[in-house]
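J.: One structure coming up, written as C-alpha cells, with questions to follow.
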Ligand SMILES: [Zn+2]
C-alpha cells in the first residue's frame with residue numbers, strides 16, 4: 234500500500250500535501266475568486282453548517298458552491314459539527330448533543346444537525362471531500378466523557394457512511410467520481426480510546442482520517458499523539474490535520490505523514506496586519522530546515538511609512554510585485570479594505586509556496 238500522491242478534484246489531480254484556507258461562508262474574506270487564483274491556492278474549505286443556515290439545502294441543491302463562487306480548484310467541506318458543538322458545549326442554552334445529533338437553537342428555530350443531514354448538505358455542495366459529523370471532547374474531558382464521545386463518533390461515522398453510499402448510488406457516482414469521505418478520530422488524551430476509535434473507523438472504511446490537533450502540550454500540537462495516530466492509519470489513507478496551521482506545525486506533520494491541512498491563520502492574521510515573510514532573498518533560497526525560516530512583518534508600524542522596500546524578496550504575489558511596505562502601511566493606517574485584501578493575497582501565496590516546497594520533502 235502506497236501513500237496517496239494526489240488529491241482527486243473535479244477538474245484534475247492536486248499534488249499533496251495540500252493546505253486549503255477557510256472560505257467559511259463561501260468567501261475568503263476580502264478576496265474574490267480571481268484574487269484567490271492569483272495566489273496559486275489549490276483548494277478551499279467551506280463550512281457546512283454556515284452555508285446550510287445562510288442559504289438552505291434547496292438553494293445549495295440548485296446552485297452548488299462551485300458555480301456560486303466560480304471556483305474550479307479543490308473543495309472540502311467540514312461537517313459543521315465543530316462550530317455547532319463548540320457553541321452548545323460552551324453554552325447549554327444554545328442546545329445540546331444527543332445520540333441523534335446536535336440540537337442547536339437559533340432565533341426561536343431548532344435545528345437538529347444529524348450525521349445524515351450533514352452528509353446530505355455536503356453532497357449538495359459539490360465538494361471533493363466530505364467530512365463525517367463527530368462528537369468532540371473539550372480539552373479537560375474526563376475519561377467517561379471521552380468514552381461517550383468515542384462511542385457516539387463511531388456510531389455517527391457508521392450512519393454517515395450508510396447515508397453517503399445511498400446518495401452516491403442515487404446520484405450515480407462511482408469509484409472514479411464520488412467524493413472522498415473522511416472519518417474523524419476522537420478519544421482525548423487516552424491512547425487506548427484513540428486506538429479503539431481509529432480501528433473502528435478503519436473497519437467502517439474511509440478514504441482518510443482526520444485528527445483535530447486539539448490535544449495541546451503547552452499550547453503546541455501534541456506531536457507524540459500525532460505520530461502515534463499516523464502509525465495506526467493505513468498507508469493508503471489521507472491523513473488530515475484538521476484546523477492546523479502554523480507553518481512549523483505543517484512542516485513537522487508532513488514529515489510524519491500528514492498530507493491535508495486547513496486553517497484560518499493566514500487570512501485572519503493578514504486582516505490584523507500580521508504578514509508571513511520567508512527569511513530568504515528569493516523563492517529558490519527558502520530553506521524549511523532552518524529553525525526560523527520565516528518571520529512576521531507588521532505593516533501597521535509607523536516607521537514603515539518611510540520604507541520603500543518590497544514586503545518579501547521571496548514572494549511573487551501581486552502585493553510584493555507591485556507595492557511597497559510604505560503603501561501597505563498607509564492603507565492599514567487609513568483603514569482601507571484594500572489593506573486586508575493585499576495582506577491576505579500575500580499570506581496565501583506564502584502558504585502556497587510552503588506547500589510547493591513541501592512536495593517531495
Ligand atoms: Zn507577497
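In my numbering, the protein residues as written are 234 to 594. In this text, a Cβ means the ideal position worked out from N, Cα and C, and glycines have one as well. Since this is a predicted model, take the numbers as computed values, not measurements.
Could you please go through the chain and list the residues whose beta-carbon is closer than 6 Å to any non-hydrogen atom of ligand 1?
T.: The set, ordered by position in the chain, is 544, 545, 548, 550, 552, 553, 579, 582.
J.: Can you grab the Cα-Cα spacing for the pair residue 443 / residue 529, in whole Å?
T.: One C-alpha to the other measures close to 29 Å.
J.: Please report the straight-line C-alpha distance between residue 313 and residue 363, rounded to a whole angstrom.
T.: So the two alpha carbons sit approximately 11 Å from each other.
J.: What's the gap between the Cα of residue 557 and the Cα of residue 541?
T.: Cα-Cα distance, rounded: 5 Å.
J.: Give me the Cβ distance between residue 368 and residue 419, rounded to the nearest whole Å; I'm assuming they're in contact under 8 Å.
T.: Going by Cβ atoms, the distance from residue 368 to residue 419 rounds to 7 Å, so yes, they are a contact pair.
J.: Which class does residue 492 belong to by DSSP, given the choice of helix, strand or coil?
T.: Note: residue 492 maps to coil in three-state DSSP.
J.: Determine the burial state of residue 545: buried for a count of at least 16 other Cβ atoms within 10 Å of its Cβ, exposed for fewer.
T.: The residue is buried, with at least 16 neighbouring Cβ atoms inside 10 Å.
J.: In terms of alpha-carbon separation, which member of 281, 590, 343, 371 lies closest to residue 515?
T.: That would be 590, whose Cα lies nearest to the Cα of residue 515.
J.: Just to confirm before moving on: does the CB-CB distance between residue 250 and residue 487 stay below 8 Å?
T.: Yes.
J.: Does DSSP put residue 234 in a helix, in a strand, or in coil?
T.: Residue 234: coil per DSSP, three-state reduction.
J.: One question on the structure: do residue 253 and residue 277 come within less than 8 Å of each other, judged by their Cβ atoms?
T.: It is a contact, given that the beta carbons lie within the stated cut-off.
J.: Let me know the secondary structure DSSP gives residue 381 once reduced to three states.
T.: Reduced to three states, the DSSP call for residue 381 is helix.
J.: Let me confirm a value: residue 403 is counted as buried when at least 16 other C-beta atoms fall within 10 Å, else exposed. Which label applies?
T.: With fewer than 16 Cβ atoms within 10 Å of its Cβ, residue 403 is classed as exposed.
J.: Is the beta carbon of residue 471 less than 8 Å from the beta carbon of residue 237?
T.: In this structure, residue 237 lies closer than 8 Å to residue 471 by Cβ.
J.: With residue 248 as the anchor, note down where its beta strand (DSSP E) starts and where it stops.
T.: Counting along the chain, the beta strand (DSSP E) containing residue 248 begins and ends at 245-248.
J.: Can you give me the Cβ contacts of residue 463 inside the same chain, cut-off strictly under 8 Å, excluding the 5 residues immediately before and after it?
T.: 472, 489, 490, 491.
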